[in-house]
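Residues 1 to 410 in full-length UniProt numbering are what the sequence shown lists, from first letter to last.
Virtual Cβ for every residue (Gly too), placed ideally from N, Cα, C.
Input: a single structure, listed below in structure tokens.
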Amino acid sequence: MTSRPRIHFTAASGWINDPHGLSVVDDRYHLFFQHVPGSTTWAPQCRWGHAVSDDLVHWSEHPIALEPGDGDDGVWSGSIARDDDQGARAYYTSVQVPDFGIGRVRVARPADPQWRRWVKEEIVVGLPPELDAIAFRDPFVFRDAGCWRMLIGVALSNGTAAATSFSSPDGHAWTYDGIAASRSSALTEPVWTGSLWECPQLFTVDGQDVLVTSIWDNDVLHYVAYATGRWENGRFRPDTWRRLTYGESYYAPSFFRDRLGRPCLIFWLRGALDEQAGWAGAHSVPYLLSMVDGELVMRVHPGVETQVKAWEPDGDGIAPLLTQWRPADGDLRISDGTGATTLLHRDSGGIRVQQGDQAPVTVPVAPGAAVTLIVDGPIVEVCCGSCGYALASGADLDVQVLDPETPAAP
């Protein structure tokens with residue numbers, strides 16, 4: 001059995017993946033996302049789905065915002081930029097047959113105040129001719145020192161992952177400024193960063209510049225990593241790389257600011273689905289960001305906590321759970337009813353995750369740090385502050401607390 005999640009966004013039907021362009025318009029949140037209607041599997045003919053919410057928990061879908069056509073075989077991930085003079089502009093990855101790997105950046109504008117209908121405009125950026133690359137996609141646009149900046153993820157043919165840097169005075173005419181940041185790493189390094197950075201995003205938290213990206217390599221999606229460093233004149237100089245997520249579910253986070261202007265992230269959750277009901281994919285709860293001792297720290301957005309505490313059983317599905325997990329509470333066993341079991345053991349070194357017969361993984365947790373457990377039908381999120389672990393399934397997940405005297409994992 002699979003219950004539809006209650007506090008995690010899912011589309012009414014069809015496949016969803018990357019969230020993007022989350023914005024506040026007239027005090028309402030507008031979320032856009034990769035969507036393949038009528039299918040529970042990904043296809044390159046993605047659209048921009050659209051949903052709205054007053055509280056980041058209860059979402060209502062609007063009609064598709066952007067669809068293939070007019071020169072687009074697929075409308076892939078991107079971002080939304082806004083200013084007082086020109087209003088809102090969506091920058092998205094336009095892909096065409098046969099090479100879906102190399103995208104182009106196209107602009108669209110809302111045709112009404114509620115952002116229900118969008119009008120496509122011109123292609124504004126393509127792969128710079130001096131770059132030899134196998135992938136180029138996911139524009140992230142932001143304001144910086146009197147101009148517009150754009151980061152785009154690129155996989156260079158030599159195996160180096162990078163983010164390209166562009167600038168514009170008006171959001172229309174863009175100049176290629178070179179590589180904003182790049183890294184070639186080995187699997188043996190503490191933080192491996194693959195051959196392509198998907199959805200690279202740069203923002204500032206508590207005065208610290210942060211680059212967040214999703215790690216792709218050889219058509220495999222891995223995890224989310226980030227670097228702290230310094231952004232200056234179109235270049236990002238990283239000081240330290242760290243992992244932000246563990247497990248196979250979290251990917252492609254989208255940065256946004258809530259209605260109070262606070263920095264936040266929301267992730268795509270892979271693995272949550274109900275094929276019989278015709279939906280696949282979900283988004284995480286939103287996380288509020290801060291910097292603590294040089295590390296990016298996530299905590300569940302207080303709006304989610306408020307909504308869960310006020311939740312009233314309605315007889316439709318399973319009520320969500322949000323609680324603190326302390327070492328003294330005992331280990332956790334997560335099962336999906338099919339025999340698949342994941343064991344979580346917490347000690348002074350972090351959380352040891354044993355998923356079936358896979359090699360165990362240790363999720364780092366600072367001594368004494370609060371760990372938040374979220375259970376919502378087929379989704380479990382474990383927020384450890386400086387990182388997160390998520391598990392999503394095609395069946396409801398049952399979480400059991402084991403006797404502290406009998407550890408779940410040796």
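- Distances from the CA of ASN233 to each of ALA280, SER254, SER249 and SER165 were compared; the closest alpha carbon is that of SER165.
- Assigned with DSSP and collapsed to three states, GLU248 falls in coil, not helix or strand.
- Between SER386 and PRO367, the gap from beta carbon to beta carbon reaches 7 Å or more.
- Shown here, VAL24 sits in a strand according to DSSP, grouped into three states.
- Note that the C-beta distance between HIS8 and ALA390 is not below 7 Å.
- Of all alpha-carbon atoms in ALA108, TRP76, ASP85 and ALA90, the one lying nearest the alpha-carbon of GLN96 is that of TRP76.
- Note: CYS264 is bridge-paired with PHE256 and LEU288 in the DSSP secondary-structure output.
- About 11 Å separates the CB atoms of ARG242 and TYR223; that is not less than 8 Å, and the two are not in contact.
- Taking C-beta separations shorter than 7 Å and ignoring five residues to either side along the sequence, the partners of LEU56 in its chain run TYR29, PRO286, HIS301, GLY303 and VAL304, following chain order.
- Per DSSP, reduced to three states, the secondary structure at PRO327 is helical.
- For the region 91 to 145, there is no continuous alpha helix (DSSP H) assignment of 4+ residues that stays within its boundaries.
- By the beta-carbon neighbour count (other beta carbons within 10 angstroms, threshold 16), GLY21 is buried.
- Per the Cβ contact rule, the region 392 to 406 is in contact with the region 264 to 284 (3 or more Cβ pairs under 8 Å).
- Note on geometry: alpha-carbon atoms of GLU122 and ALA108 lie some 8 Å from one another.
- ILE374 has LEU322 and GLU381 as its beta-bridge partners, per DSSP.
- Residue pairing by DSSP puts CYS147 in a beta bridge opposite ASP144.
- By the Cβ neighbour-count rule, CYS46 is buried, with 16 or more other Cβ atoms within 10 Å of its own.
- A residue is called buried when at least 16 other Cβ atoms come within 10 angstroms of its Cβ; ALA65 meets this threshold and is buried.
- Assigned with DSSP and collapsed to three states, GLU295 falls in strand.
- The alpha-carbon separation between ARG106 and GLY337 amounts to approximately 45 Å.
- One thing to note: ALA133 has its Cβ no nearer than 7 Å to the Cβ of LEU151.
- Under the three-state reduction of DSSP output, VAL308 falls in the helix class.
- At a Cβ-Cβ threshold of 7 Å, MET298 and CYS383 count as neighbours.
- Note that the C-beta distance between VAL24 and ARG262 is not below 7 Å.
- Residue burial is scored here from C-beta neighbours: SER184 has fewer than 16 other C-beta atoms within 10 angstroms and is therefore classed as exposed.
- Secondary structure note for GLY394: it is in no beta strand (DSSP E), with a DSSP letter that is neither H nor E.
- Put simply, the backbone Cα of GLY38 is about 44 Å away from that of ARG230.
- Counting only residues of its own chain and dropping the five nearest sequence neighbours on each side, PRO44 has a CB closer than 6 Å to the CB of GLY74 and PHE100.
- The Cβ atoms of ALA81 and VAL141 lie closer than 7 Å to each other.
- Within the region 20 to 69, the beta strand (DSSP E) runs of at least 3 residues that lie entirely inside it are, in chain order, 28 to 36, 47 to 53 and 59 to 66.
- Burial is judged here by how many other beta carbons sit within 10 angstroms of a residue's own beta carbon; CYS147 has fewer than 16 and is exposed.
- For PHE166, the enclosing beta strand (DSSP E) starts and ends at 161 to 168.
- The beta carbons of VAL363 and LEU321 sit no closer together than 7 Å.
- DSSP lists GLY87 as the bridge partner or partners of ASP83.
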